[in-house]
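Inspection log for the structure reproduced underneath, given as structure tokens.
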Amino acid sequence: MTAPEPLVAVPVRHWGRWVSGALVIASLVALVNAFAHADVRWSTTKHFLTVDTIVSGAGRTLLISVLAQALGIVIGVVVAVMRQSGNPVTGAVAWLYVWFFRGTPVLLQLLIWYNLALVFPTILGHSTNDLMTPFLAALLGLGINEGAYMAEIVRAGLASVDEGQSEAAQSLGMTRGLMLRRIVLPQAMRVIIPPTGNEFINMLKTSSLAFTIQYAELLRAATSIYTSNLQVIELLFTVAVWYLLLTSVFSVFQYYLERRFSRGASRELTPTPLQRLRANLTKAPRL
Amino acid sequence: MVLAEQVHKHFGKLEVLKGIDLQVERGQVCCLLGPSGSGKSTFLRCINHLERVTAGRLSVDGELVGYREQGEKLYELRETETAAKRAEIGMVFQRFNLFPHMTALGNVVEAPIRVRRQPREQAVARGRALLDRVGLADKVDAYPAQLSGGQQQRVAIARALAMDPKLMLFDEPTSALDPELVGEVLDVMRDLASDGMTMVVVTHEMGFAREVADEVVFIDGGVVVESGPPAQVIDDPVMKRTRDFLRKVR
Chain A
1 MTAPEPLVAV PVRHWGRWVS GALVIASLVA LVNAFAHADV RWSTTKHFLT
51 VDTIVSGAGR TLLISVLAQA LGIVIGVVVA VMRQSGNPVT GAVAWLYVWF
101 FRGTPVLLQL LIWYNLALVF PTILGHSTND LMTPFLAALL GLGINEGAYM
151 AEIVRAGLAS VDEGQSEAAQ SLGMTRGLML RRIVLPQAMR VIIPPTGNEF
201 INMLKTSSLA FTIQYAELLR AATSIYTSNL QVIELLFTVA VWYLLLTSVF
251 SVFQYYLERR FSRGASRELT PTPLQRLRAN LTKAPRL
Chain B
1 MVLAEQVHKH FGKLEVLKGI DLQVERGQVC CLLGPSGSGK STFLRCINHL
51 ERVTAGRLSV DGELVGYREQ GEKLYELRET ETAAKRAEIG MVFQRFNLFP
101 HMTALGNVVE APIRVRRQPR EQAVARGRAL LDRVGLADKV DAYPAQLSGG
151 QQQRVAIARA LAMDPKLMLF DEPTSALDPE LVGEVLDVMR DLASDGMTMV
201 VVTHEMGFAR EVADEVVFID GGVVVESGPP AQVIDDPVMK RTRDFLRKVR
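For the protein sequence lines, the chains are A and B, in the order given. Just so you know, our numbering puts 129 at position 129 of the first sequence, and the rest follows in order with no gaps. Just so you know, our numbering puts 63 at position 63 of the second sequence, and the rest follows in order with no gaps.
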């Protein structure tokens with residue numbers, strides 16, 4: 001028996017997609033046109049993208065974000081484990097921590113850290129004002145605040161791991177610590193990583209609040225320039241481009257990170273966009 | 001090897017075990033039969049202290065489970081002490097509970113390396129031999145999601161054996177398997193039994209119980225209704241409850 005003739009059919013026409021697509025393109029053109037003819041010197045925006053002050057500001061934004069996020073993750077894991085431990089003392093401490101730092105604005109926390117000298121003029125014999133540099137205040141303010149959110153994310157991750165996993169680990173003679181490190185946390189990572197990526201992208205942007213406490217990050221770099229040259233909107237656009245660049249690069253990184261930790265969750269790893277592209281190029285076109 | 005005297009267990013108000021008496025000698029295979037909810041799985045979990053006994057005495061190899069007796073008093077064991085005792089008891093679960101982020105070999109060598117602190121090469125060599133023994137020599141690098149249910153359960157058995165347990169507990173090891181995969185798991189268990197492993201098996205596989213068990217214990221409503229050699233309990237039960245149950249299972 002020979003295979004039957006392939007079916008030939010006129011596909012459904014999606015007129016709505018064509019119309020809405022055209023509308024979107026038209027509005028985009030109008031928007032770009034409006035900005036191109038607006039009172040913005042784009043050459044200035046472009047020029048400042050690579051000016052030293054701005055670049056090192058972006059570097060500091062990245063630095064403080066990475067360090068504060070790392071601090072937040074460490075605190076988050078510790079606090080989540082404390083909350084799960086069944087020990088009433090650590091449980092209460094963890095609850096209190098989350099309650100306070102999630103319950104107050106991070107800008108307020110930054111200002112309090114920076115002005116800690118008003119509460120404790122000296123710490124261990126050193127002047128608090130000398131110790132609490134803008135960098136340290138920003139790191140503590142952003143990191144400790146982040147820890148409260150990470151604690152909740154990690155807690156959800158730990159709770160997502162099947163109970164059978166800890167029973168199997170226990171029946172093999174593992175102690176709680178070993179079980180957490182080798183069995184539960186690696187599996188919780190799959191649930192923890194996507195929201196942590198969001199948290200980091202948030203952190204990249206929230207770190208701009210540190211400009212209020214004199215930390216010379218990206219936004220502060222821009223304001224310091226435009227207060228003297230008065231090219232306010234041009235520099236704000238420069239900053240916007242830099243933030244978009246940072247968050248976009250990280251989004252790609254996050255994609256690969258999530259893929260790495262989905263090992264064992266599905267039978268096959270999903271192909272990366274590059275692999276998919278290569279497959280599409282080498283594959284014979286479908287008729 | 002296992003000695004239970006009037007073991008009680010309740011969850012809140014719900015009394016699951018109402019005085020279980022049972023004895024398993026070294027090298028024996030004991031099958032626990034009974035309707036679902038009868039408490040047989042709970043009892044099995046008490047043996048390695050995954051559940052805490054509420055009243056009565058339960059001991060493994062002459063030592064109380066979960067407690068130390070000094071004079072007239074009982075002292076609760078520390079977590080590390082309980083863990084050390086669990087390491088000597090293998091357990092196989094209904095739903096396999098393999099570690100999904102590790103390969104078959106990774107699952108098998110994890111506890112020998114981390115708990116027993118064996119050198120990696122030694123644990124890996126032993127792990128390969130065990131996977132070979134359960135017929136999975138070609139699956140050492142497969143992740144659990146890439147294995148069939150029967151293969152996963154055989155990896156789980158190899159994982160438990162890697163700790164050289166003196167006692168193996170099986171909690172309905174074939175209940176989550178497709179019918180055609182049950183046989184391969186039972187074959188491995190049969191092989192273990194003939195090797196002289198002491199085993200306590202919660203099962204609904206009457207054929208396996210009749211053939212392999214030295215002792216069959218029928219549990220219903222949290223008490224032992226009837227026990228004895230399979231020829232007696234399965235083929236010629238005295239109690240009406242046992243007869244009713246067996247009629248439904250067949």
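Ideal placement from N, C-alpha and C gives every residue a C-beta, glycine not left out.
Is there a C-beta anywhere in chain B that falls below 8 Å from the one on residue 176(A)? yes
How many angstroms separate the CA atom of residue 84(B) from the CA atom of residue 141(B)? Taking the straight line joining both Cα atoms gives about 29 Å.
Cβ atoms of residue 128(A) and residue 117(A): under 8 Å apart, would you say? yes
The stretch 149 to 168 of chain A touching the stretch 74 to 82 of chain A, judged by at least three CB pairs closer than 8 Å: yes
Any C-beta of chain B sitting closer than 8 Å to the C-beta of residue 167(A)? yes
Own chain, CB closer than 6 Å to residue 201(A), minus 5 neighbours either side, in chain order: Non-local beta-carbon contacts of residue 201(A) in its own chain, meaning distances under 6 Å to residues more than five positions away in sequence, involve 247 in chain order.
Rounded straight-line distance, which links the Cα of residue 186(B) to that of residue 127(B): 20 Å
Host beta strand (DSSP E) of residue 224(B) (start-end): 223 to 228
Determine the chain A residues that contact residue 110(B) at a beta-carbon separation under 9 Å, and present them in chain order. 169, 172, 174, 182, 183
With a floor of 4 residues, list each alpha helix (DSSP H) that falls wholly inside the stretch 114 to 167 of chain A, ordered by position along the chain. 128 to 131, 134 to 160
How many angstroms separate the CA atom of residue 78(B) from the CA atom of residue 275(A)? 52 Å
Residue range of the alpha helix (DSSP H) that residue 258(A) falls in? 232 to 261
Rounded to a whole number of angstroms, what is the C-alpha to C-alpha distance between residue 21(A) and residue 30(A)? 14 Å
Quick check: what's the CA-CA separation for residue 61(B) versus residue 123(B)? 26 Å
So who's on the other strand from residue 20(B), going by DSSP bridges? 7(B)
Got a sec: is the Cβ-Cβ distance from residue 174(B) to anything in chain A below 8 Å? no
Going along chain B in order, which residues have a C-beta closer than 7 Å to the C-beta of residue 186(A)? 101
Beta carbon of residue 174(A), beta carbon of residue 115(B): below 8 Å? yes
So, does the CB of residue 80(B) fall closer than 8 Å to a CB anywhere in chain A? yes
By the 7 Å beta-carbon criterion, what residues does the stretch 115 to 144 of chain A contribute toward chain E? In the displayed structure, chain E is absent; the protein chains listed are A and B.
Helix, strand or coil at residue 219(B) according to DSSP, with G and I counted as helix: Here residue 219(B) sits in strand by DSSP.
Name the DSSP bridge partner or partners of residue 170(B)? 92(B), 201(B)
Which residues of chain B have a Cβ atom closer than 7 Å to the Cβ of residue 164(A), listed in chain order? 93, 95, 97
Going straight from the alpha carbon of residue 48(B) to that of residue 172(A), what length do you get? Taking the straight line joining both Cα atoms gives about 10 Å.
Alpha-carbon to alpha-carbon, residue 131(A) and residue 123(A): Taking the Cα positions, residue 123(A) is about 8 Å away from residue 131(A).
I need the DSSP call for residue 57(B), collapsed to helix, strand or coil. strand
Would a check of beta-carbon distances place residue 87(B) closer than 8 Å to chain A? yes
Beta-carbon separation of residue 217(B) and residue 224(B) under 8 Å? yes
Buried or exposed: which applies to residue 219(A), given that a residue is buried once 16 or more other Cβ atoms fall within 10 Å of its Cβ? buried
Mind checking whether residue 135(B) and residue 181(B) have CB atoms under 8 Å apart? no
Check for me: the beta strand (DSSP E) holding residue 76(B) runs from which residue to which? 73 to 76
Identify the contact partners of residue 114(B) in chain A, using a Cβ-Cβ distance below 8 Å as the criterion. Within chain A, the residues 174, 178, 182 have their CB atoms less than 8 Å from the CB of residue 114(B), given in chain order.
Environment of residue 272(B) [buried if 16+ CB atoms lie within 10 Å]: One cannot answer for residue 272(B) here, as it falls past the ends of chain B, which runs 1 to 250.
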